[in-house]
Each structure stands twice: as C-alpha cells, then as structure tokens.
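Accompanying notes for the structure given below.
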Amino acid sequence: MNSELLIKNGRVIDPANRIDKKCDVLIVNGMIAEVKEHIQESRPKTHPYETVIDAVGKLVTPGLIDMHVHFREPGDEEEETIASGSAAAVAAGFTSVVCMPNTHPVIENETDVEYIHRKARQARKTHVYTMGAITKGLEGVELAEMGFMAEAGAVGFTDDGRGVQDPAVMLRALKYAAMFDVVVTQHCQDDSIAGKGVMNSGYYSTILGLPGLDPLAEEAMLWRDIQLIKRTDVRYHAQHISTAGAVELIGQAKKDSLPITCEVTP
C-alpha cells in the first residue's frame with residue numbers, strides 16, 4: 344500500500360525548477376510525485392489522502408543549505424557537536440551544512456577532514472561537509488595542506504574569522520583552489536586598518552561609546568581579492584559583508600562576470 348502525504352496551499356519555492364507560487368505537493372512513499380495547483384480537488388472524496396498538511400501562509404521548499412555553520416567539534420563539544428548541530432539543522436529544514444575549520448585543533452589536513460566526515464556518518468542526520476583552513480593554524484603565514492584536504496573531500500577553504508593579510512599568500516591559495524575547482528571564502532578585514540574596533544564606526548558606535556571599525560578595512564581587502572580572482576578565475580565567497588561599499592564592489596564584480604558570491608554578517 345502506498346504511503347501518501349499531501350502538502351496543500353503552501354507557497355512552493357523551488358529555484359531548480361523555477362517554481363515560486365502557491366500550489367500543492369504530493370509525496371508518495373517518500374518521493375515527490377507531483378507539484379501543481381489543486382491536487383486534492385482531482386481526487387475522489389471516497390479515496391482521501393493518508394495525510395494532509397495545510398501549509399497556508401507557509402513556505403514549502405527543497406532542503407535548505409547552510410554553507411557557514413560552527414558545530415564546534417573537535418575541541419569545544421560543550422558548546423555544540425556534529426551530532427547535536429546536525430539534529431538542530433534537520434529540525435529547521437536544513438539538509439546540507441558546511442562546517443567552518445576554526446575548531447580546536449584547526450581543520451588543516453587530510454586526517455582532520457576525515458574526522459569530520461566520520462562524525463557526520465555516525466550522526467546520520469543531514470549532509471555535513473567541511474571546509475579546510477587556508478593557512479596552518481589560521482595564522483595567515485604558511486598554506487595548509489590544501490591538496491590533500493581537497494582529495495579527502497573538503498569543499499572549500501577559509502581562515503574563517505581571520506582575513507588572510509598577506510596578498511602573496513592569498514594569491515597562492517587561490518591558485519591551489521583553482522587547481523582543485525573548490526571555492527575560497529574570505530573574512531574580509533584588513534587588520535592594519537581595522538585596529539581595535541568592535542563594530543562598524545558610525546552613529547551607533549559613537550552613542551554606545553564603542554571603538555569603531557573603519558569600513559575601509561572590509562572594502563580594502565575585498566577590492567584586493569577581486570584583483571586576485573581576476574588573475575586566477577577561482578570561485579570566491581566573501582564572508583560577513585557589512586558595508587554598502589562592499590556590496591557595491593561585489594555588484595560590480597558580478598557585472599564583470601567574476602565568479603564571486605557573498606553573505607552578510609550574522
């Protein structure tokens with residue numbers, strides 16, 4: 344006997360199939376069988392669906408993807424683990440997540456990547472991927488074992504939370520990433536400009552009496568990296584974008600057909 348679930352009256356958003364409208368979704372034996380309007384009306388009332396969920400006012404989407412999570416394992420399991428983070432992700436509708444490498448120890452070699460994958464298989468909750476560090480210890484000096492990590496399944500590289508300050512180091516990292524066709528993500532902040540600020544400088548930093556970060560710290564590093572990806576044509580993702588100037592730089596880079604994406608600061 345078939346198991347049938349009908350989700351009706353929701354706003355279905357499915358970019359892969361260019362769907363963004365109010366319609367119904369029929370699931371048979373755990374597989375999507377049909378997506379269209381008014382499915383229930385075409386079914387005889389003498390043969391109702393096994394389960395019907397009225398999703399009026401709600402979104403119905405494929406599994407969501409979060410490419411920037413901190414599951415804190417290894418090293419800070421009292422805060423989060425891959426198992427607990429995976430369970431929370433599934434409960435919120437996220438079926439794929441990408442872990443950042445700024446753990447203790449840092450994810451910087453093949454063994455570290457394999458550890459994350461093994462823990463994810465044990466959790467058996469969602470698809471867990473990981474990025475590897477760009478530099479050893481996130482120190483911005485010596486490249487980590489990018490090739491070995493890519494071969495072990497790392498989906499990208501980042502020194503998340505720390506911008507790679509040396510342009511020569513960043514250029515080498517981008518060239519390596521291009522060889523393995525993986526993305527590089529960057530926390531855009533020039534520390535020589537940022538100083539000791541704790542938030543973007545402006546009205547609110549002034550009234551709160553907090554030291555401000557010059558927006559140029561973010562925009563200068565982003566501009567630098569855009570010049571580097573022009574040379575390497577590697578996929579690049581800017582993390583924690585927080586200024587209008589940075590948005591303008593990314594917009595222009597996309598108009599220039601550069602392989603760049605971004606996310607905003609949480």
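In my numbering, the protein residues as written are 344 to 609. Just so you know, even glycine gets a beta-carbon here, dropped at the ideal spot from N, CA and C. Since the structure is predicted, the reported quantities are computational estimates derived from the model, not experimental observations.
Beta-carbon gap between residue i and residue j smaller than 8 Å
| i | j | result |
| --- | --- | --- |
| S439 | K468 | no |
| H447 | G483 | no |
| V403 | R354 | yes |
| N452 | E488 | yes |
| G506 | H460 | no |
| V512 | L486 | yes |
| T575 | A521 | yes |
| N352 | K364 | no |
| V525 | L481 | no |
| A466 | C531 | no |
Local conformation of residue i per DSSP, three classes
| i | result |
| --- | --- |
| H381 | coil |
| R464 | helix |
| K598 | helix |
| L402 | strand |
| E416 | coil |
| V371 | strand |
| T549 | helix |
| I408 | strand |
| Q582 | strand |
| R361 | coil |
| G540 | coil |
| T454 | helix |
Burial state of residue i (16 or more Cβ within 10 Å)
| i | result |
| --- | --- |
| A463 | buried |
| Y547 | exposed |
| I477 | buried |
| Q291 | Look at the range of the chain in this structure, 344 to 609, and you will see that residue 291 is not part of it. |
| L565 | buried |
| E562 | buried |
| I375 | exposed |
| T394 | exposed |
| A587 | exposed |
| E416 | buried |
| G545 | exposed |
Cα-Cα separation, residue i to residue j
| i | j | result |
| --- | --- | --- |
| A581 | Y392 | 46 Å |
| D397 | L349 | 8 Å |
| I536 | D509 | 14 Å |
| T454 | E423 | 21 Å |
| M474 | V527 | 9 Å |
| P444 | A516 | 16 Å |
| F523 | T501 | 15 Å |
| A434 | K597 | 34 Å |
| D533 | V541 | 14 Å |
| V607 | I572 | 20 Å |
| A359 | L407 | 13 Å |
| L601 | V577 | 9 Å |
| K479 | F437 | 30 Å |
| S427 | P387 | 44 Å |
| P558 | C605 | 17 Å |
| G373 | D367 | 15 Å |
| Y519 | V378 | 43 Å |
| D568 | Q529 | 9 Å |
| V399 | I356 | 14 Å |
| H413 | C442 | 6 Å |
is_contact[residue i, chain D] using C-beta, thresh 8 Å
| i | result |
| --- | --- |
| P448 | Absence of chain D from the displayed structure is noted, only one protein chain being present. |
Sufficient close CB pairs (3 or more, under 8 Å) joining the stretch 547 to 554 to the stretch 584 to 593 | no
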